[in-house]
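First to last, the protein sequences are chains A and B.
Residue 389 is where the first sequence starts when you use our numbering, and the numbers rise one by one after that.
Residue 389 is where the second sequence starts when you use our numbering, and the numbers rise one by one after that.
Glycine included, every Cβ here is placed at the ideal spot set by N, Cα and C.
Have a look at the structure below, then the notes.
There are 2 protein chains.
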Amino acid sequence: MKNEKSTPSNRRNFIKKASLASAGVLGLGQVHAHNTSFENTQTINLPNDLTILFQGDSITDAGRSKEGYYANHTWGGLGAGYAMYAAGALLGKNLNSKIRIYNRGISGNKVHQLASRWEEDCLQIRPDVLSILIGVNDFWHTIDFGYKGTVKTYEDDLRKLLDRTLKENPNLKLMICQPFVVKGGTAIKEEAWFPAFMAYQDAAKRIATDYYASWVPFQKTFDDALKNSTVEALCPDGVHPSLGGSYLMAQEWLDVLGKMMK
Amino acid sequence: MKNEKSTPSNRRNFIKKASLASAGVLGLGQVHAHNTSFENTQTINLPNDLTILFQGDSITDAGRSKEGYYANHTWGGLGAGYAMYAAGALLGKNLNSKIRIYNRGISGNKVHQLASRWEEDCLQIRPDVLSILIGVNDFWHTIDFGYKGTVKTYEDDLRKLLDRTLKENPNLKLMICQPFVVKGGTAIKEEAWFPAFMAYQDAAKRIATDYYASWVPFQKTFDDALKNSTVEALCPDGVHPSLGGSYLMAQEWLDVLGKMMK
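This is how it looks when you write it as structure tokens:
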């Protein structure tokens, strides 16, 4: 199953067989080349009628206005982070299409908090494409805020959430974004984060593979960018990206979307 | 002087001769080809240390957070409009540089309101590049809000503001953005706006020419985009652009910046 394309029909097939398969058997997910250009978005083959939902924590939220249900036309309705950058490129380059883009990231969220608002903030929106970036708080809050969840809590909760979602909408195109950390950020206690946080990244990757989701490798986005930049310029506290960092995330995300929609 | 490049030395020269020259004698400003790609930003030759200031009204403000003086790293500090899109592209594609980008647009502003906060919101920031988008309220508020200023008020006030700015910083690189309107927007009373608003656009263009500023032709941005889109998708009320519209404005702005920095 190596490099098999992520499609809803693959996934339906997988879901039937899931009880027989272990994560290890399912093998590696897709490999995405890094692309530093917005240009690939011009070739993204989008249906004329498409609903995209960004879900996650503060990195997705990015200070978005919580007013308004359908935010394409609202100042700040998609926040001021990677979701807004990606949305603008999609909307600005597909002037003819009826793309509806929603951001329902909420600052501080862990997976169980997504689950508690999932009916309203995902299922009722009925996205065609669902992008989830979650996990940094599932770990971080165990270090700095007394949260008791483990990596197993994270993985089990996220699998349950996806099962619930796909049961309602088996044709959903799913994007799992890699939770990331930038070493040297002001909020990062290195001895606590490394290598413990990598277990959360591994869990997210396993889930992406098992659910035939497209994988958005944000850790690589930042690791690559750091070769020519600084933590302060890209992600000052190690968790929340700058505008430049958000722009690079959007490029990565668009690159993966483009491959998924081919 | 047709097609003469806009440079501070040209401008210094101009300022010395200004009392002898009429606007008519100074001729046309630069002609900018429309470019629908972010790619040109990769070739923008930016100095390593550069301060860019966006000034204007709600279109520039775009719901920005008013906290924080230096906003590169703040959610929403640059708003969620064209300034943020342009800033992200510049920061994300110039990972090595020390670019500082400020947004000091304030919703509802007319030129005289810029002037009243200019010391703090422009002169003290000491930008190397100043981009101004102002004028739609100078007209609109005469139609719908009882404002008594005329196009002469607008032009005189903007010239005074630029004289004051250039006296403090003769090396400033200046970008004058064309105030624009999208016919068919929900806030636009056609018989009142057309052709009256065109006089404000003409005044802005005259000023750009006289001050050797780079001209950002936003009316053309929208007119071109409307050939393949709708008012609702680009600029629903005719004044405030959607995310897609903001993205297209950023492309136009970056295109002009790239030519100016050559």
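Closer than 9 Å by beta-carbon distance: list the chain A residues that pair up with Met649(B), in chain order.
-> Those within 9 Å of Met649(B) in chain A number zero; the least Cβ separation is about 18 Å.
Is there at least one Cβ from chain B nearer than 9 Å to Ser630(A)'s Cβ?
-> yes
Is it true that the CB of Thr541(A) sits closer than 9 Å to the CB of Val569(A)?
-> no
Could you tell me which residues DSSP puts in a beta bridge with Gly444(A)?
-> Leu521(A)
Drop a sphere of 10 angstroms on the beta-carbon of Gly632(B), count the other beta-carbons inside from all chains shown, and report buried for 16 or more, exposed for fewer.
-> buried
Starting from Gly573(A), find everything on chain B with Cβ-Cβ shorter than 9 Å and list it in chain order.
-> Correct list: empty, because the minimum Cβ distance to chain B is about 11 Å.
Cβ atoms of Pro567(B) and Phe610(B): under 9 Å apart, would you say?
-> no
Can you give the Cα-Cα distance for Phe585(A) and Trp528(A), rounded to whole angstroms?
-> 8 Å
Straight-line gap, Val627(A) to Ile576(A) (C-alpha atoms, nearest Å) | 8 Å
Chain A contacts made by the segment 525 to 553 of chain B, where a contact means CB separation under 9 Å | none
Cβ of Leu466(A) within 9 Å of Cβ of Asp516(A)?
-> no
If you draw a straight line from the C-alpha of Ile432(B) to the C-alpha of Lys650(B), how long is it?
-> 7 Å
Of the listed residues Leu560(B), Gly469(B), Pro435(B), nearest to Leu444(B) (C-alpha basis) | It is Gly, not Leu, that sits at residue 444(B) in the sequence shown. Ranking Leu560(B), Gly469(B), Pro435(B) by Cα distance to Gly444(B) puts Gly469(B) first.
Using a Cβ cut-off of 9 Å (strictly closer), state whether Gln607(B) contacts chain C.
-> Judged by its chain identifiers, the structure shown contains no chain C, and its protein chains are A and B.
Output yes if chain A places a C-beta closer than 9 Å to the C-beta of Asn484(B); else output no.
-> yes
Tell me, please, whether the segment 530 to 540 of chain B touches the segment 548 to 567 of chain B by the rule of three or more beta-carbon pairs shorter than 8 Å.
-> no
Do you know offhand how far Thr448(A)'s Cα is from Leu521(A)'s?
-> 7 Å
Using the C-alpha atoms, what's the distance from Cys510(B) back to Ala409(B)?
-> For Ala409(B), the pLDDT reaches just 33, beneath the cut-off of 50, and the residue's location in the model is therefore unreliable, although a value from the coordinates is still provided. The straight-line gap from Cα to Cα measures roughly 28 Å.
Rounded C-beta distance between Ala613(A) and Leu483(B)? I'm assuming under 8 Å.
-> 6 Å
Nearest neighbour of Val539(A), chosen from Leu502(A), Arg514(A), Tyr588(A), Ala503(A) [CA to CA] | Tyr588(A)
Own chain residues within Cβ distance below 7 Å of Leu636(A), not counting five before or after | Thr609, Ala613
Whole angstroms is fine: what's the gap from Met648(A)'s alpha carbon to Tyr599(B)'s?
-> 49 Å
Spell out the partners DSSP gives Asn491(B) in its beta bridges.
-> Phe442(B)
Between which two residues does the alpha helix (DSSP H) containing Lys647(B) stretch?
-> 631 to 649
With a 10 Å radius around its C-beta and 16 neighbouring C-beta atoms as the bar for buried, classify Thr652(B) as buried or exposed.
-> Past the boundaries of the shown model lies residue 652(B); chain B is included only from 389 to 650, so the question cannot be answered.
By Cβ distance, which residues of its chain are closer than 8 Å to Pro624(B), with the 5 residues on each side in sequence left out?
-> Gly573, Thr574, Ser630
Helix, strand or coil: how does DSSP classify Ser602(B) here?
-> strand
Please confirm if Ser617(B) has its CB atom under 9 Å from at least one CB of chain A.
-> yes
Who are the Cβ neighbours of Pro435(B) in its own chain at under 7 Å, not counting the five residues just before and after it?
-> none
Would you report the Cα separation of Tyr490(A) and Lys486(B), rounded to the nearest angstrom?
-> 33 Å
Alpha carbon of Ala503(A) to alpha carbon of Gly464(B), nearest angstrom = 27 Å
Output the boundary residues of the alpha helix (DSSP H) element that contains Lys561(A).
-> Run containing Lys561(A): none in the alpha helix (DSSP H); it sits in the beta strand (DSSP E), 561 to 565.
Residue range of the unbroken alpha helix (DSSP H) whose run includes Arg547(A) | 539 to 556
Per DSSP, which residues does Lys486(B) bridge with? Please list them.
-> Asp437(B)
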